[in-house]
Amino acid sequence: MKYFQKAQHPATPYEIFEFTKYEIPLHEIMLFKKHETERVRYALYCEEETVYLLTNVSVNDAAVSGYGGYAKPYCKLGDIGGYNLATLDKDAYNWYMTHAR
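To convert, note that position 63 of the sequence shown is 63 in this note's numbering; the numbers rise steadily by one, no gaps.
1) Using three-state DSSP, classify Glu49 as helix, strand or coil.
2) Short check: CB of Lys26 to CB of Val51, under 8 Å?
3) Evaluate Leu88 with the Cβ neighbour count: other Cβ atoms within 10 Å of its Cβ, from every protein chain shown; 16 or more gives buried, anything less gives exposed.
4) What would DSSP say about Glu23, mapped onto helix, strand or coil?
5) With H, G and I counted as helix, E and B as strand and the rest as coil, what does DSSP make of Asn56?
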């Protein structure tokens, strides 16, 4: 993985990546969006045909940054066309709230 490290000894099944800071250049981001009603910002990033959902992100200069603990594999690149923005908003919010508890 280019920006994330798999969690070696996850404490919960939701801990997929290490909780380390990452920065991904904007030109590598598929989508950056603020949730319609909540204060959650999220992005989609693709690496090796897998799309990752990144929640609790911020934009600074020319990069999206956040922490790996808020990221997860979302779908295969070929399947992303089956998702609409309402579905992405719901999934991003639910994944963020899983970690905010």
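Note that the Cβ used here is the ideal one computed from N, Cα and C, for glycine as well.
From the atom records:
1) If you number the sequence shown from 1, residue 49 lands on position 49. Looking at Glu49 - three-state DSSP - the assignment turns out to be coil, as it is neither helix nor strand.
2) On the sequence shown, residue 26 is found 26 positions in, with the first residue counted as 1. On the sequence shown, residue 51 is found 51 positions in, with the first residue counted as 1. The sequence shown places Leu at residue 26, not Lys. Contact flag unset, no.
3) The residue you call residue 88 lines up with position 88 of the sequence shown. Buried is the call here.
4) The residue given as residue 23 occupies position 23 in the sequence shown. Residue state for Glu23 is assigned as strand, using DSSP reduced to three classes.
5) Position 56 of the sequence shown, counting from 1, holds the residue named residue 56. If DSSP states are grouped into helix, strand and coil, Asn56 belongs with coil.
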